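The sequence shown begins at 3 in the numbering used here and counts up by one.
A virtual CB, placed ideally from N, CA and C, is assigned to each residue, including glycine.
Please read all numbers here as calculations on a predicted model, not as lab measurements.
Read the structure below first, then the notes.
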Amino acid sequence: MMDEVKFQSTPTAAAANGGGLKGSSSTTDSPGVGSDDNRNSSSGSGQASSRHTSLSSSNNNTQSLSPEEQCHPSWPLSKIVTARLLFGLLLTAVGIVLAFEAYSFLTKSEAALAETQFASIAERALSSAQAIVLRKRKGAVTLASVYANVHPHARDWPNVAVDGIPEIMKHVIDTSDGRGTAFMPMLQPHQVADWELFAYNYYTSEQQRRPPLNLTLFNSSFGFGIWARDPTLNNTDKRYHDTTGESPWGSPYTFLAPVFQGQAPGMPKVRLWNYHADKSRGIMMDDIYECSQKLTTFADKSCSAINDAFFLIAIPQSNGPAAFLQEPIYPATTSTNLTGFVVSVILWSDTLEQVVADEVSGVDCILNTATQSFTYHIHQGVATYIGKGDLHDPDYSHFGETIVLTGQDLFTEASATYNLTLYPSADYFHVYSTDNPKVATIGAACIIVFTSIAFLLYDAIVRRVVRDKQAILDAKRQFMRFVSHEVRTPLNSVVMGLKLLQEEIVTLFGATHGQQQQSSSLVLDDNHGNSRNDTTKRTTTSTKEAQMGALTDLSHEIIGSAESAVAVLNDLLNYDRIERGDLPLEISIVSIWKVIEATFAEFKVPYQAKGVKFELDFSQLIDGGEDQSNFGDVEGGGVRPTAQPIKSCKHLPRSALERRVIGDSIRISQVIRNLVSNAMKFTPTGGNVTVMVSWVRPTQHDESKASLEEFSLNNCPDTVKLKQSGKLLVAVKDTGAGMKPDQVQNLFRPGVQFDVNELQAGKGSGLGLYIAKGICEHHCGTLTAASDGRGKGTTITMSLPLYHVPDEALPESLKRLQLGKVQNSTSLLSTEKLQQANSSLSASNRWNDSLRILIVDDAHMNRKILTKLLGNRGHECDQAENGVEAVKMVKKSLGSGESAETYDTILMDYEMPIKNGPDAVKDIRALGCDSFVIGVTGNILPEDQAHFKECGANWVFPKPLRIEDLESIWDEYGITGRRRSVEENA
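Right, here's the structure in full:
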């Protein structure tokens, strides 16, 4: 019964699809077996789609939250509070993100500017450093050219000197940014004695011309002459007279290169020193000698050489390393004959001081060769030596810019290759750092604070309005749940009681159960005309039969009234679903012509009883140029009628039969039924109602623009890709009351009714056409109305897209499904064949199988009536008053061993004291029971029924329960009990 309402409605999965059917199908609320209204409120998994074969499965495709996860009645207020908090958090998050992004953007902008500037600075600095090295080399080349041209003949060598060379060298050093330079003739051992005499005479004459020249400084411990150093000697200066040219480090060449003329700090201390005797310098001279031996002309190759970095004795080490650049001398007349060397000193700190502007700071310079690295730091344009090794900050390694200062095309192969790499440092980036990011961050925070204050003010203003609106929505949902439960629950007893009364009347007057079933079917199909005709015939037989007919007709009318009340509830539910945009659709390939014809057939008897002419016309589907051979009965062949209107889809051409609708056949049938029912309601006796079916064929332009659309079908793992092939038009035209233009405009609004008392006798909810229009729009179609005015009738037209779907285009899985079992669907099977199959199944199973059934309901009358109805059909029924009793009885029925007699079916009410239905089902499943559980509830909201299935129910029926629907589900799922013999049935 109706306990405290527990759950609130939540949007279903269909809402996420925008209510349309393109590309997907919704199975939120699946149809039960029976009328369209049951489809709206029962919760299975589709007519024949998405149904499990396991009886213990939940059969739930709904993506709904369980009630424990749903909100309680205060949910709307909580939602508002939650939304408010979320919005506040969102503002805070936006503020943080905005502040972070602003700070990050400006910081990155400053860093990008610094990077761009550094790249420019580095490019200019590296180019300048390379140019300085080349200029220093050119200074040495210039001095070598002076000696070569002053003494152009090789025969004059090695006893040569250039007068005034100190002044020349000084100017060259200033021009080439050098530190010092020296000249060294190349002597063979046999030339040493003559050259020493020449040198002595030269220095003597120089001393006379330049008094500051102290000749005694040139003397060694052994006297005047070419010298080399040997640390093992016992003399004071460790010098020895070198006349052989044999180097102590093992040079393969025996020549001497004494320092003769020069201009550099400490020059007097190294005069007459055999430069070739020092290993680091001698290796370079050997390399120059070998390079010179390979020359054929002076222009062939440069044989300049530069040694690896070292520290000069005459210069403090704090100035950093230096290098000797050696340039060969070739007399002008013999350009490949090596006769001497010019050596120039490069101090690398001098080179780096001149590569950047004075305002540049925070740049690390790494000078490296193959064996060594040295680090300099530039501050305000001045390069300061930091130390040996690569000491730059590794965090800035990716900004490094490198250039080769001494390429192989200028120097010999054995020469050291110097690379210069520039890196920025933290000091460099600090120069470009400003307070702008902080200012922007504070500004963003202020904006968010202002926005938050504005939001709070706005929220305070609209809070009452929002609360009132939410209260209305909450009341509507509560009202729907309350009305549904409180109306359906007593109607359940009324309908089942009347059903039982009918059966008892038929039994009392000797009618067979088969006649009773037929009578019931007539009642449920609203075929009142046949029933009354049969009753009239029976009254001529006996008074008792007349009484039976009167009672039967009375029960029919009461059941009809009860079903009308249920229809209103279903309209309210559909209205709510359409309002929320989550109307569930079971997408399938619909043979629309059969659906139209089957729906039309349902109303033949009511129209006949009212005296209204009712016609179905397929004639407009015929193309005048259609080949006669293309016509035929779908069921096995036929001929197109040429003179009479086409009233059956059996006579349609195959070109039309292969056009189908992709959608929900039950919902489409519901729309047609609503239109036909309204036409009958508003058309007086003697009027006409015509259902005209037509196909608007696509133009060539439409076909060229049409693209493949992909659809997912229920109960079919494959998807189908189809092109639209025109539109279906179903026009229901009547000669009834008609409408004014303003009434036509408002016709499809919810709750609209015109002249209720005059035309409708105060009946109807005013929601039917609104719901029908929503169903059409969910199928990407339209529903329109037209009328020429009051008393001139109305035409309502349904338009749906058509697709060309020949049988061979169906997915293989769908073909196998059709061949494998009888489906309860009008989509792809003939309605007549389906009814025959269901009748056959019912006849074979229903009366020969005795099911053991547990009926769980807190209403004693419901249990009593349902037990009697099922008992009349040969089933064995037990009763339980609440969920606790049900669980105990199921546990007892499971038993153990062969004595176990489990229930074949459990019919479970929802709202019960002590333990409700869903909780009881959950406990029953926990016991390992796989009985087929059917929920029977007055709660028809999707989330309530979804919860029932989540707890383990296989199917959910709305109240009032129809025995025919129950038996159809048993047939469909193959629920069988103990097979009984014919004698037992008798």
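Pairwise C-alpha distance: residue j and residue i
i, j, result
"Lys961", "Tyr912", "11 Å"
"Gln504", "Met891", "32 Å"
"Ala611", "Gly688", "11 Å"
"Ile598", "Ser590", "16 Å"
"Pro250", "Ser282", "12 Å"
"Ala163", "Asp289", "25 Å"
"Tyr975", "Val734", "37 Å"
"Leu115", "Asn321", "33 Å"
"Asn884", "Val958", "18 Å"
"Ser895", "Pro608", "48 Å"
"Ser346", "Phe120", "32 Å"
"Ala473", "Lys683", "37 Å"
"Tyr905", "Thr491", "25 Å"
"Asp31", "Gln947", "With a pLDDT of 37 at Asp31, under the threshold of 50, the predicted position of this residue should be treated as unreliable, though the coordinate-derived value follows. Roughly 8 Å between the two C-alpha positions."
"Ile942", "Gly97", "45 Å"
"Leu731", "Leu623", "10 Å"
"Asp239", "Ser130", "42 Å"
For residue i, three-class secondary structure by DSSP
i, result
"Ile455", "helix"
"Asp911", "strand"
"Val722", "strand"
"Met741", "coil"
"Phe200", "helix"
"His990", "As shown, the chain starts at 3 and ends at 988. That puts residue 990 outside it, with no answer to give."
"Asp619", "strand"
"Tyr255", "coil"
"Trp159", "coil"
"Phe224", "coil"
"Cys953", "coil"
"Asp880", "strand"
"Ala928", "helix"
Cutoff 6 Å; reference residue i; Cβ partners in own chain excluding five residues on either side
i, result
"Gly795", "Asp736, Thr737, Gly738, Gly740"
"Leu968", "none"
"Val886", "Ile916, Lys917"
"Phe457", "none"
"Pro168", "Gln265"
"Met171", "Thr183, Gln265"
"Leu802", "Val663, Leu730, His781, Gly783"
"Ala955", "Val923, Val935, Gly937"
C-beta contact flag for residue i and residue j at 9 Å
i, j, result
"Met188", "Leu297", "no"
"Ala311", "Ala334", "no"
"Thr408", "Thr419", "yes"
"Pro191", "Gly247", "yes"
"Asn676", "Ile773", "yes"
"Arg875", "Ile965", "yes"
"Met498", "Ile867", "yes"
"Val889", "Leu909", "no"
"Val698", "Gly665", "no"
"Val365", "Tyr434", "no"
"Phe343", "Pro323", "no"
"Val194", "Thr245", "yes"
"Ile648", "Phe620", "yes"
"Lys742", "Arg792", "yes"
"Glu198", "Gly227", "yes"
"Met286", "Ile308", "yes"
One or two residues paired with residue i in a DSSP bridge
i, result
"Ser329", "The sequence shown places Glu at residue 329, rather than the Ser named in the question. According to DSSP, Glu329 bridges with Val344."
"Trp275", "Trp229"
"Val365", "Ile380, Pro426"
"Leu896", "In DSSP, Leu896 forms no bridge with anything."
"Trp697", "Leu730"
Residues of its chain near residue i, where Cβ-Cβ distance is below 7 Å and the 5 sequence neighbours each way are ignored
i, result
"Val807", "Ile591, Glu660, Arg662, Leu724"
"Asp360", "Gln382, Gly383"
"Val362", "Ile123, Ile380, Gly383"
Close beta carbons around residue i, own chain, < 8 Å, minus the five adjacent residues each side
i, result
"Leu929", "Val889, Val892, Lys893, Leu896"
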